[in-house]
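All remarks here apply to the structure that follows.
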Amino acid sequence: MTDVTQRSDVIAGTVQLQARHLTRHFTTRIPGRGFNAKHIVRAVDDVSLDLVAGEVVAVVGESGSGKSVLARMLARIIRPTSGDLILHGSEIPRKAKRSLSYASEVQLVLQDPFASMNPVHKMRHNLVRPLMIHGAKRENVEALAEAALTRVSLEPPSRFLDRYPHELSGGQLQRVSIARALCIEPRVLLADEPISMLDVSVRLGVLNLLRGLCDDDHLAILYITHDIASARYIADEVVVMYAGQVVEHSRGTVLVDEPTHPYTQLLIASVPDPADPTSVGAPTAEQAQMVIAEKGCRFSPRCPFVMDRCRVEEPPQFVVGENHTSRCWLHADKPQFEVEVALPQRRGEGEITKT
Amino acid sequence: MSTESIEASDVVTSASATSDVSVETTPHTDQRTGGPAMGQRILDIRNFSVDYGWGESAVRAVNSVDLHLDRSKVLGIAGESGSGKSTLVYGFTRLLRAPGVISGGEALFNRGPSEDGTDDIIDLVTASEKELRSVRWSNISVVLQSALSALNPVVRIGKQFEQVLKTHRHEMSRADRHARQVELLALVGLNEDRLRRYPHELSGGQRQRVMIALALALDPQLVIMDEPTTALDVVTQREIISKLYELRSRFGFAMIFITHDLSLLVELADEIVVMYGGEMVERASAQALYDTPRHPYTLGLLNSFPPMHGVRTELTGIPGSPPDLTALPTGCNFHPRCPYAMDRCLQESPTLVELGDDGRSVACWLHSGDPGVVVPVELSRTGMGTREPAPLPVKEALS
């Protein structure tokens with residue numbers, strides 16, 4: 166159990182939390198096919214990433230891409246099917262229960278600030294409770310709560326402590342929920358679509374706040390979003406997920422400026438761009454509905470560049486530039502080397518199995 | 054008529070549950086051709102105000118708005134939550150529920166030429182329930198934001214179409230209705246087997262497309278879209294927008310598109326109205342609004358979208374929070390958040406005045422023409438296509 170004190174000792178660049186081959190499969194029943202017909206949904210498949218102090222990693226993908234499941238696995242709310250979490254260099258035993266000490270290091274901020282605050286309690290309660298749970302002394306609690314509010318630029322804090330959630334605007338409430346996550350001084354902040362429910366004019370404020378926490382307090386931040394423009398704005402590293410897999414991954418925002426995967430290109434083409442009036446009515450994908458191929462590349466049913474090979478073989482991650490990988494066969498014949506060997510098709514996956 | 058029909062009508066157009074569904078006397082003639090008199094104008098809203106609550110506790114949510122819309126045009130209404138954009142639309146379509154009260158103004162809707170050649174104009178504000186009933190869905194239809202809560206969860210999609218057609222188109226036979234349902238689904242790119250599905254079996258994008266198909270079921274002249282894509286991700290949003298664009302050019306209905314996403318409107322709309330604190334602050338053609346914004350709030354909104362190209366610079370958005378309608382500031386509603394606020398803004402509320410160029414108007418003291426007021430360069434630009442994000446200090450740590 167760590168004491169709740171200011172941690173200014175974190176050096177930027179130290180790896181805080183590592184995910185290694187994180188995988189989560191859900192088993193669902195197929196309606197109308199009897200009780201035993203099962204279908205495996207590969208919500209997250211073999212995702213590895215490092216969260217580093219002082220850096221923002223953005224995970225971009227549409228709904229159903231597995232990005233929220235990934236965040237919940239990193240917060241240890243959902244247990245991975247396989248894969249490991251390494252916090253500060255020590256592996257978390259997979260079977261271990263979610264512990265308070267883990268929660269004090271890794272905190273999650275949710276999408277909807279109205280739903281994530283108890284509506285019948287004042288802000289004071291919402292902030293003091295995590296502090297008490299994490300062992301702060303009763304006499305310090307008030308001061309710590311005020312300090313947390315000051316940190317997210319809600320000033321003067323005394324004005325906000327006695328307010329109920331419905332008395333605050335969405336932007337203010339999201340700041341309180343960030344303050345609530347920060348008040349126990351975690352080193353990793355997982356932000357699951359923190360701005361998508363907010364008004365346009367206050368979104369940038371929250372993004373700038375996250376960036377500031379990262380730069381000044383060396384927090385490691387995972388920023389989950391479907392808005393690739395905001396990822397470009399805030400991130401040091403961008404990961405694009407499709408159907409549970411990382412399809413493109415780059416240091417900096419190279420992948421936004423020079424996307425190499427057709428799915429990333431689709432995401433970018435979908436962003437409203439007033440500077441380009443031709444984008445209205447432009448053809449998007451072959452099929453905009455999310456259809457996941459059971460075999461081969463998962464994007465192949467929607468891909469405008471689909472080749473025969475894509476329908477049969479699952480592409481590995483190809484290196485397409487410095488710190489830039491892309492999971493697409495289009496890059497197979499370019500002079501480069503494979504970082505990973507393609508995983509052999511596991512039996513039974515994505516197929517209907519009778520048990 | 055079964056109670057289900059009432060529910061179905063209630064869900065999409067809120068066709069007032071008080072009016073009996075079986076009392077259906079207005080003949081449904083196809084009135085899709087334009088006429089003279091009001092001319093191309095399909096909707097004319099004058100001095101329209103909506104309050105929430107009565108007497109002293111009343112909060113003005115929409116304050117003296119003037120709007121008009123021509124046939125086959127797209128009007129975009131942009132604003133944050135609490136700006137009154139949805140209240141305005143629910144107000145003039147008379148879908149507002151208590152404690153919402155229309156406190157003034159008129160909303161003239163032109164149904165096209167009647168038999169004697171004159172325009173069949175109806176004031177929606179004073180219309181009786183019976184008159185409204187003949188307008189709703191047949192002439193004006195609404196697509197709501199949350200397709201999951203707008204569709205009846207325990208009724209199959211096909212049945213929801215069936216209810217609309219059965220209620221409003223008596224003359225159609227069972228086979229005709231089925232054919233129409235299949236046709237409507239095909240319009241929005243859905244397969245006919247979706248008719249047998251329940252709403253929860255469809256994805257968010259598919260549900261929203263069902264909503265659009267439902268709205269088009271009776272060939273309306275005006276379709277109102279209340280944030281139809283806000284709950285969807287960008288790829289699905291793009292797909293829905295492309296679909297709408299295609300349908301509009303095919304059928305030529307007019308559209309009012311409400312959203313907080315100004316960049317989307319610039320692409321889609323012919324004319325854009327920006328609302329703030331219940332008032333219209335700027336009205337201009339889409340491209341003019343984007344290239345040469347005149348109101349500081351519009352400029353702030355445009356600068357709130359991180360760009361997809363160019364150097365990463367730190368953007369500021371708009372400081373502060375959206376206004377609280379119960380405690381509006383004195384003078385201009387926007388002055389507490391406005392970087393250009395002057396003494397006059399604190400005392401007097403600006404009115405919407407027409408600027409000389411191309412019929413656009415703005416409510417801001419900066420454009421009052423007062424010789425003592427210097428309009429900042431970013432709000433007085435003239436050239437089209439010259440807009441760049443206002444350069445702000447580069448934050449090096451970002452790259």
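As they're listed, the protein sequences go chains A and B. The first sequence begins at 166 in the numbering used here and counts up by one. The second sequence begins at 54 in the numbering used here and counts up by one. Virtual Cβ for every residue (Gly too), placed ideally from N, Cα, C.
Integer-rounded CB distance, given that residue j should sit under 8 Å from residue i
i: A/E270; j: A/P351; result: 5 Å
i: A/L375; j: A/A396; result: Wrong, their Cβ atoms sit about 12 Å apart, outside the cutoff.
i: A/P439; j: A/M362; result: About 23 Å; that fails the 8 Å criterion.
i: A/L354; j: A/L319; result: With a Cβ gap of about 17 Å, A/L354 and A/L319 do not count as contacting.
i: B/G331; j: B/L405; result: The pair is not a contact, with the Cβ atoms about 13 Å apart (cut-off 8 Å).
Boundaries of the beta strand (DSSP E) in which residue i is found, first to last residue
i: B/G330; result: Note, B/G330: premise wrong, no beta strand (DSSP E); not H, not E.
i: B/A160; result: 153 to 166
i: B/V364; result: Element bounds for B/V364: n/a, residue is neither H nor E.
i: B/L149; result: Neither: B/L149 is in no beta strand (DSSP E) and is coded neither H nor E.
i: B/G129; result: 127 to 131
i: B/F310; result: 307 to 312
Opening and closing residue of the alpha helix (DSSP H) in which residue i lies
i: B/S295; result: 287 to 304
i: A/Y388; result: A/Y388 -> not in any alpha helix (DSSP H); beta strand (DSSP E) instead, spanning 385 to 390.
i: B/Q93; result: Unbroken run through B/Q93: none, as it is neither H nor E.
i: A/I433; result: 427 to 435
i: B/K183; result: 182 to 188
i: A/A400; result: Element bounds for A/A400: n/a, residue is neither H nor E.
i: B/D119; result: Note, B/D119: premise wrong, no alpha helix (DSSP H); beta strand (DSSP E) at 112 to 123.
i: B/V195; result: Unbroken run through B/V195 is the beta strand (DSSP E), 193 to 196; no alpha helix (DSSP H).
Cut-off 7 Å between Cβ atoms - residues of its own chain near residue i, not counting five sequence neighbours on either side
i: A/L292; result: A310, A313, A344, R345, C348
i: B/L318; result: G129, A131, F310, T312, I325, A339
i: A/N305; result: none
Closest by C-alpha distance to residue i, when choosing among the options
i: A/I243; options: A/G226, A/A261, A/L252, A/E227; result: A/A261
i: B/V327; options: B/C398, B/S433, B/T312; result: B/T312
i: B/A394; options: B/V178, B/S136, B/L141, B/H420; result: B/H420
i: A/Y267; options: A/T490, A/F325, A/L182, A/L375; result: A/L182
i: B/P252; options: B/E292, B/A203, B/L197; result: B/A203
i: A/I389; options: A/A202, A/V274, A/R189; result: A/V274
i: A/I393; options: A/E413, A/P480, A/P295; result: A/E413
i: B/T383; options: B/V334, B/C391, B/L399; result: B/L399
i: A/R463; options: A/E332, A/V175, A/V411; result: A/V411
i: B/L238; options: B/F214, B/R227, B/S226; result: B/F214
i: B/G242; options: B/S226, B/R222, B/P360, B/M264; result: B/M264
i: B/S433; options: B/P346, B/N356, B/S402, B/H223; result: B/P346
i: B/S374; options: B/S110, B/S134, B/R99; result: B/S134
Residue i (DSSP reduced to helix, strand or coil)
i: B/V64; result: Because B/V64 sits at a pLDDT of 42, beneath the cut-off of 50, its placement in the model cannot be relied upon, and the following sentence gives the value as read from the coordinates. Helix.
i: B/D83; result: Low confidence applies here, because B/D83 scores a pLDDT of 38, under 50, leaving its location unreliable; read the following figure in that light. Here B/D83 sits in coil by DSSP.
i: A/G486; result: strand
i: A/H190; result: strand
i: A/K232; result: helix
i: A/E256; result: strand
i: A/D327; result: coil
i: B/L433; result: Reading the sequence as shown, one finds Ser at residue 433 of chain B and not Leu. Three-state DSSP puts B/S433 in coil, outside helix and strand.
i: A/V411; result: strand
i: B/F387; result: coil
i: A/S395; result: helix
i: A/S213; result: strand
i: B/A268; result: helix
i: A/K155; result: The question about residue 155 of chain A has no answer, for chain A in this structure spans 166 to 520.
i: A/Q276; result: coil
i: B/V406; result: strand
i: A/Y267; result: helix
i: A/M362; result: coil
i: B/G135; result: coil
i: B/H253; result: helix
Beta-carbon proximity list for residue i, same chain, < 6 Å, skipping 5 on both sides
i: B/L122; result: I95, L96, L128, A307
i: B/P152; result: Y105, G106
i: B/M533; result: Given a span of 54 to 452 for chain B in the structure shown, any question on residue 533 of chain B remains unanswerable.
i: A/V180; result: D215, V217
i: A/H190; result: I205, R207, T246
8 Å CB neighbourhood of residue i in its chain, flanking five on each side removed
i: B/E407; result: R413, S414
i: B/L275; result: I95, L96, L122, F162, N192, I193, S194, F306, A307, M308, I309
i: B/S102; result: R113, V115, N116, S117, V118, I155, S156, G157, G158
i: B/P206; result: Y251, P252, H253
i: A/I185; result: Going by the sequence as given, residue 185 of chain A is Arg instead of Ile. Excluding positions up to five away in sequence, the list reads S213, G248, D249, L250, I251.
i: B/R262; result: V241, G242, L243, I293, K296
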